[in-house]
Each structure stands twice: as structure tokens, then as C-alpha cells.
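Listed in order, the protein sequences are those of chains A and B. For the first sequence, full-length UniProt numbering begins at 1 and goes up steadily by one. For the second sequence, full-length UniProt numbering begins at 1 and goes up steadily by one. One structure is given here, and the rest of the page talks about it.
There are 2 protein chains.
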Amino acid sequence: MPAEVPVLDLSVSSVELTQQLCDIASVSGDEARIADAIEASLEGLGHLTIVRDGDTVVASTSLGRAQRVIIAGHIDTVPINGNVPTRFEERDGQAMLWGRGTVDMKGGVAVQLKLAAELTDPIVDITWMWYDNEEVASDLNGLGRLARNRPDLFVGDFAILGEPSNAGVEGGCNGTLRVHVSAHGKRSHAARSWVGVNAIHAISPVLATLASYTPREVEVDGLVYREGVNAVGITGGVAGNVIPDLVTVEVNYRFAPSRTGAEALAHLEELFSGFEVVQTDVAEGARPGLDAPIAQDFLAAVGGTPAPKYGWTDVARFSALGVPAVNYGPGDPLLAHADDERVPLAHIEDCERGLRAWLTGPDGR
Amino acid sequence: MPAEVPVLDLSVSSVELTQQLCDIASVSGDEARIADAIEASLEGLGHLTIVRDGDTVVASTSLGRAQRVIIAGHIDTVPINGNVPTRFEERDGQAMLWGRGTVDMKGGVAVQLKLAAELTDPIVDITWMWYDNEEVASDLNGLGRLARNRPDLFVGDFAILGEPSNAGVEGGCNGTLRVHVSAHGKRSHAARSWVGVNAIHAISPVLATLASYTPREVEVDGLVYREGVNAVGITGGVAGNVIPDLVTVEVNYRFAPSRTGAEALAHLEELFSGFEVVQTDVAEGARPGLDAPIAQDFLAAVGGTPAPKYGWTDVARFSALGVPAVNYGPGDPLLAHADDERVPLAHIEDCERGLRAWLTGPDGR
């Protein structure tokens, strides 16, 4: 007998739907049940065409509108730590839903799912995407897999990711580059250190450069991105009586989306000139794309002042495919992955109101 | 049936005896067979009183001489790596014995054992000591254990350790101190590094101090000791996307024997003022003690110019007990523990000749 598919009730409020979604555990790699539930909840809605790819569910309208918007959210969470099932509790005068996934990002998914069901006649065509494996290695990412399997689904004029952004619009994202910066020396017994060359001493200028570095603040399409160049790890040493012949600093550069990954690498190579610099990981940033008329309409409808997104998110995947993309979702990103993860209910309601206002147009159809 | 005790033939040359000793494997902790063999080889020699303490063997004369000399060597080796049994092979025109223990330090033990058996009428009383567990943690050291169990055996006017010194006299030894120098910071996500405080960046002045440090050269009792202050390890970092809140540098200070361990610590605390400095390990140095008349006699008999010993050795144990001590043994200390460990046969013969000349006196009795 196959496992029972949990039932989602899309007629309840987006707050209640957030709780229903959170209480279906869906740690990365274990999203089949929640994907089944999402797929089942949309079955029989005549205005949506459903595509299933692994544990990713896509629901599209085909209304012949002049423009198409992609609205996406991931359905996996980081591991649960005693914080499921969720609970409602006030904090600092704010009604909150507490538990894993409330911020990252089932509040956003609930809003999307409710609107997908209810908006039978939006002013733009919409491709809704709920995908798996966002919280793990990039090569497992469900959105990436879908882009490889079904590139046709990524045709659109604008994209919105429901990642937590305090119910404001956060545009684009910084890129992230990791390199290993190494210094080499020559081993010797520590009792005769002058016979060797100490690699840890030799790396000293690299740390001095990092300590005195002033990160840039770069305006891109009207938003100011703050960069950062940081050592995130250092390791060296052979034994307590040996002069070390190798030390490696792992440096993480968060770079503004006006710079490519290759340009970011060139910057670090120049900064650490004279040292071995080896790239270990790179993800391009994404320009905010807020200059497009469709983005301006969206901003006007949801209100507020857009801000830059500092953390890397999947908006960069859309950006790389030529689709301008922003983050817009309930919850404080600083609480994502925290054991006291919690979302203000007002954020969920605001996001639902904002998206609904934009998608139904000025005359509220 | 008890395991057979290997037989040592003390009538052969000290070179051949070195080979016999090396071919009895005696990695630290496994010295019972070689200690049994040494003890058995001395049995029945009327001029020696034998004491056994664990796997340490002591053989003393009691001739009522005005002075007593302690001559000691450890019988353990670091692990064998395919280099036992030993073999004779010429290198660069020098006849060599190759294999584990040839340098560190069964060549020295062979010379001592042969002379212990043959010198029935030396000009000083002699306490010969062959001890276990020198190559492992200090608290296992057989000489240290013997000093605790039988302090009476450590009464003497001068001590000679047969540690490798290229068949020259190396006086005293530097002390060694290890500390952990740490910097603290505050974790944050690397995408928002300005929220945190980077500990790896904060340790930068410590590496700069180490890189620019000029070690002292200190004359002690006529020998010049070269010091060293070195990072021997560094570790820090939480994850590739986290600003690290802790970094620790392990620093090893090899200090001249005119300085105490406490003074050495004070020097590092001053050097790294403003940082957390925690002592993890200390061993006092040993002054060369070459100003005593008995030491001068020894130097005159063996010839050559004494040099300082940089590496820490058990001479420091004698020094701490008030017995001046030197290193004098065959082999290049830089080859100790090496897989190509090898001793020039001439070193073994020179050390036997030097010790014999001194112990039998100017009239060669």
C-alpha cells in the first residue's frame, strides 16, 4: 500500500496553509510527500497545466497574455531540530508562527500556492515552480535540474523568488567566490628552525591585506551592494616540533553583481599577488533587474523601497538565463536555519496582498 | 616457555655490536627483549652491580674513586619503516651502517656497553644507564622514572648522554616552550560579514610579529645558543560561509638555557601582548656545564671543539638534578628518525676511542 498523501486545504488562509506545509517534514532529499501533496492540491484546477520533474512541481497558466512571470519557491528545509510541528506564539507584540521552514521558506510557498489556486484570470501568464533540494549542494538543486530538463519552462519576462526578505523586495544578489591562498616553505626540525622556511610566517602579508581591506559598496541598477573579502578558514602545521611547509587560507569574496566571477578572481589574484591563489567555488551574482517596466509595475503594486540582497539565492539562476529576478517573501533571513526560526504572520499576509494586487492589476480583476 | 633472550656478544667490535643491537627491534614500549639481552650480557662481570627498573638496566662500578660519572643511552627507537635488519653500505666514500636505530642511538649504546664490560679499572666510578621510552611522551621516559624510583643512582659529578652529535661534544640544550596564541571574533554569515568580527583577520599582528622576529643568539658558559620562535600550527574557521570567531596559532619557542621556562613564557606574553597566550608544554633547557674541571678533562681527552646542542635531550634531566651533562655520540642528528638513517662507522670507532681514552686516564690503565 503506497504511503498516504497528506492533504493540503488551499481554501484556508495563507497563514494556516504555511502551518500545514511546515508540518509536512521535507528536509532536503525527502520532499516526495510534500511534492505529492502540492501536486494533488492543484489537480482539477482547469486554469493550470501541471508538470512534475522529480520532486519539483510546475503549474502554468496559458492565457495568451503579453507577458509571463515565473514565481518560484523551494519546498525543502534544513534539518529539523525539535521545531516541528510548528506553533503560534506572540513575541514582542507580533503574532508569530514558530518552527522549521516558517521563514525558509514555506511562508512564501503558502502564499504562492494559495494564489496559484485562486488567480484564474491574472494580468500576466504565470509559471509557478515549487522545487526540491535548494538547501544542499548546488548540483542537486531542483531548479537547476528543471532548467536542464525543461529549459522551455524558463521563458519569462520577470521572476520572483519567495525567499525571506522581510516582506520587502530584495533585488539581485551578490556573487560568491572561494579561493585557497597558500604559502609554501621548507620543513625542518623546530630546534633548528633556520634550516627551514616557515610557511605560516610567510602567509603574514595575506592576513595583513585582509585585515586592512576596505570592501567596496557598489551601486548596480540603483541598489547599493556591499561586498566582503574574508578569511573563512586557515590551516597549517605538521607537528609541534616541525617548521611547517604549507599554510592555506580559504578566502570568500562576496562580490557585487556588476562584477563577473572571472573579474572577482582577478581581483583576488591581484590582492594576493605573489601567493598561490586557487579557485575552489564560484557562483555568479545577479543584477537586480529593477529597471524593466514589468519590475517597476511590480514595485509600484507591492510598495516599499527595494533593497539589495546580500546572500546568494536562486535569483542568480534566472539572471543567468536572462530573466530579471527579485526576492520577495515573508520572514527575516537572519532567522533562516535558526532553531528559533519564526515568521511574523503579518509578513505572510503582506506578501499575499502585494502579489495579489500586482497579479490582478489596478482594476483588481 | 618464556621467549628466548637474544644473545649479545660484547667481544666483537663496537660497530658489530651496533648491528646486533639494531637488529633486536625495540620500538618504544617494546624494549623488554633488548633490556633482557643487555642485562644477560653483563651478568657475571664482577666489577658491575646490576639494577633493573622496568626495561631500564643500570650497571655501576664501586671502586671508591673520587668522582663518579653517569653515562647513559636510550634503547628504544621510533617505529621501524622497512629499515631493519641493518646493512653495511658505503656512501660518499664513507663506510656506513644503515637502518633504524643506527644513529638514534644504538651506536652510542654499543660503545657504552662494550666499555662497560671491558673497563674493569676506570679512573672514575661509572654508573652506566640504558633506558626505555625516550622517543615518546615525557611522562613515560625511563630515565625520568628511574630518577623518581632511584634518585640515589643519580649522584654523580658529570654525565654523558650518547645521543648523536657527529662524534663531537654538544653541551647542554635549548629549552622548549609551546603556547597557543588565540584571537577571538564574532560569527556571522559571510554574506553579511560586517555583522561579525573576523578572528583570522584579528590574528594578523601575531603573524606579522613572528615574521619579523629576530631570534637571539645567547652565549652560555662559552657556547652560543641560537633561539627560535616559530608558528608550528594554525587553525581557524567554521564553514565556508561563516565569519570565524576563533583562530589559534601554536607557537614553539626554543630558548637558550640561560632562560627559565617561566622567563620564556613571559617573553612570549610580552611579544603577543593583547592576545590570549596559553602554555601547553614546557621543558627547561640545560646549561652546558663545560666549566667544571672534570668536563675540561673529558674535553681534552676526546678532543675537538664543543658545540651547543639545539634540540632538547635528556641532558636537561641531569642538569635539573645538578649534574652537568653533555651529548657525545656517533651519527648525524639530522638523520635521526629518517628512513635513510645511517651512521658512519668511523663515528662509532671515534666515540669508543674518545671515551676509552678519558676513562682509562692519561697513563692508559
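In this text, a Cβ means the ideal position worked out from N, Cα and C, and glycines have one as well.
Are any of the Cβ atoms in chain A nearer than 8 Å to that of residue i?
| i | result |
| --- | --- |
| B/Arg259 | no |
| B/Glu4 | no |
| B/Ile24 | no |
| B/Leu140 | no |
| B/Thr86 | no |
| B/Thr235 | yes |
| B/Leu210 | yes |
| B/Gly285 | no |
| B/Arg254 | yes |
| B/Val247 | yes |
| B/Asn133 | no |
For chain B, find out if any of its Cβ atoms is closer than 8 Å to the Cβ of residue i; answer yes or no.
| i | result |
| --- | --- |
| A/Val315 | no |
| A/Pro308 | no |
| A/Leu177 | no |
| A/Glu250 | yes |
| A/Trp312 | yes |
| A/Val242 | yes |
| A/Arg192 | yes |
| A/Ser11 | no |
| A/Met1 | Residue confidence is low: A/Met1 scores 45 on pLDDT, short of 50, so the model does not pin down where it sits. No coordinate-derived value is stated. |
| A/Gly174 | Checking the displayed sequence, the identity of residue 174 of chain A turns out to be Asn instead of Gly. Yes, A/Asn174 lies at the interface with chain B (some Cβ there is under 8 Å from its Cβ). |
| A/Ala231 | yes |
| A/Ser165 | no |
| A/Ser204 | yes |
Relative to the C-alpha of residue i, which candidate in the options has its C-alpha closest?
| i | options | result |
| --- | --- | --- |
| A/Ile123 | A/Asp157, A/Gln67 and A/Asp152 | A/Gln67 |
| B/Gly14 | B/Ala116, B/Thr77 and B/Thr49 | Position check: residue 14 of chain B holds Ser in this sequence, whereas Gly was assumed. Among B/Ala116, B/Thr77 and B/Thr49, the Cα nearest to that of B/Ser14 is on B/Ala116. |
| A/Leu177 | B/Arg342, B/Ala191 and B/Ala32 | B/Ala191 |
| A/Gly222 | A/Asp363, A/Asp30, A/Asp291 and A/Leu345 | A/Asp291 |
| A/Trp304 | A/Thr120, A/Leu119, A/Leu359 and A/Asp350 | Note that residue 304 of chain A corresponds to Gly in the displayed sequence, not to Trp. Answer by Cα proximity: A/Asp350. |
| A/Leu268 | A/Asn230, A/Val302 and A/Pro288 | A/Asn230 |
| B/Arg317 | B/Gly175, B/Asn166, B/Arg254 and B/Ala357 | B/Gly175 |
| A/Glu284 | A/Glu276, A/Ser273, A/Phe272 and A/Gly311 | A/Gly311 |
| A/Glu134 | A/Tyr213, A/Gly354 and A/Ala72 | A/Ala72 |
| A/Val63 | A/Lys114, A/Pro85 and A/Leu119 | Note on residue identity: the sequence assigns Leu, not Val, to residue 63 of chain A. Comparing Cα positions, the closest option is A/Leu119. |
| A/Thr360 | A/Ile126, A/Glu163, A/Ala239 and A/Ala307 | A/Ile126 |
| B/Ala320 | B/Ala336, B/Lys309, B/Glu270 and B/Thr260 | B/Thr260 |
| B/Asp245 | A/Glu250, A/Thr86 and A/Gly233 | A/Gly233 |
| A/Val238 | A/Glu352, A/Lys186, A/Ile50 and A/Ala256 | A/Lys186 |
| A/Gly93 | A/Gly354, A/Asn166, A/Ala346 and A/Ala357 | A/Ala346 |
| A/Arg100 | A/Val323, A/Asp76 and A/Asp139 | A/Asp76 |
| B/Pro330 | B/Ile70, B/Gly322, B/Pro324 and B/Val302 | B/Val302 |
| A/Arg87 | A/Leu143, A/Gly240 and A/Asp23 | A/Asp23 |
| B/Ser212 | B/Glu219, B/Val220, B/Gly228 and B/Arg145 | B/Gly228 |
| A/His337 | A/Arg65, A/Val84 and A/Gly172 | A/Val84 |
Can you tell me whether residue i is buried or exposed? The criterion is at least 16 other CB atoms within 10 Å of its CB, across all chains shown.
| i | result |
| --- | --- |
| B/Gly82 | exposed |
| B/Ala264 | buried |
| B/Asp55 | buried |
| A/Asp36 | buried |
| A/Pro293 | exposed |
| B/Asp340 | exposed |
| B/Ser188 | buried |
| A/Ala262 | exposed |
| B/Ser182 | buried |
| B/Thr313 | buried |
| A/Tyr52 | Position check: residue 52 of chain A holds Arg in this sequence, whereas Tyr was assumed. A/Arg52 is exposed by the Cβ-count criterion. |
| A/Asp281 | exposed |
| B/Met1 | Because the pLDDT of B/Met1 is 44, which lies under 50, any placement of that residue in the model is unreliable, and the number read from its coordinates should be weighed accordingly. With fewer than 16 Cβ atoms within 10 Å of its Cβ, B/Met1 is classed as exposed. |
| A/Trp128 | buried |
| A/Val26 | This sequence places Ser at residue 26 of chain A; Val is not what is there. By the neighbour-count rule (16 or more Cβ atoms within 10 Å), A/Ser26 is buried. |
| A/Asp9 | exposed |
| B/Asp139 | exposed |
| B/Trp130 | buried |
Would the C-beta of residue i count as close to the ligand FMN, meaning under 7 Å from any of its heavy atoms?
| i | result |
| --- | --- |
| B/Val238 | With respect to the ligand FMN, the structure shown offers nothing to examine, as it has no ligands at all. |
Within 8 Å, do at least three Cβ pairs link the stretch 186 to 200 of chain B to the stretch 284 to 298 of chain B?
Contact between the stretch 284 to 298 of chain B and the stretch 186 to 200 of chain B is absent, because fewer than three Cβ pairs lie under 8 Å.
Quick check for students: name the residue ranges of the beta strand (DSSP E) that lie wholly in the stretch 98 to 156 of chain B, counting only runs of 3 or more.
For the stretch 98 to 156 of chain B, whole beta strand (DSSP E) runs of length 3 or above, ordered along the chain, are 125 to 131.
With a cut-off of 8 Å, do at least 3 Cβ pairs link the stretch 97 to 111 of chain B to the stretch 17 to 24 of chain B?
The stretch 97 to 111 of chain B vs the stretch 17 to 24 of chain B: in contact.
Quick check: the stretch 147 to 157 of chain A against the stretch 58 to 78 of chain A, are there 3 or more CB pairs under 8 Å?
Taking 8 Å as the limit for Cβ pairs, the verdict is that the stretch 58 to 78 of chain A does touch the stretch 147 to 157 of chain A.
Run through the stretch 311 to 339 of chain A for me and flag every whole beta strand (DSSP E) of 3 or more residues, listed as ranges in chain order.
Within the stretch 311 to 339 of chain A, the complete beta strand (DSSP E) runs of at least 3 residues fall at 325 to 328.
Could you tell me which uninterrupted beta strand (DSSP E) segments, each at least 3 residues in length, are contained entirely in the stretch 9 to 85 of chain B, listed from first to last along the chain?
DSSP runs (the beta strand (DSSP E)) wholly in the stretch 9 to 85 of chain B: 49 to 53, 56 to 60 and 68 to 74.
Secondary structure, alpha helix (DSSP H): runs of 4+ residues fully inside the stretch 172 to 204 of chain A:
Taking 4 residues as the minimum length, the alpha helix (DSSP H) runs contained wholly in the stretch 172 to 204 of chain A are 199 to 202, in order along the chain.
List, from N- to C-terminal side, the beta strand (DSSP E) runs of 3 residues or more that fit wholly inside the stretch 246 to 306 of chain B.
Taking only runs of at least 3 residues, the beta strand (DSSP E) segments lying wholly in the stretch 246 to 306 of chain B are 246 to 255 and 276 to 283.
If we count Cβ pairs, one from each stretch, closer than 8 Å, do we get three or more for the stretch 94 to 105 of chain B versus the stretch 341 to 348 of chain B?
By the C-beta criterion, the stretch 94 to 105 of chain B is judged to be in contact with the stretch 341 to 348 of chain B, since at least 3 inter-stretch pairs fall below 8 Å.
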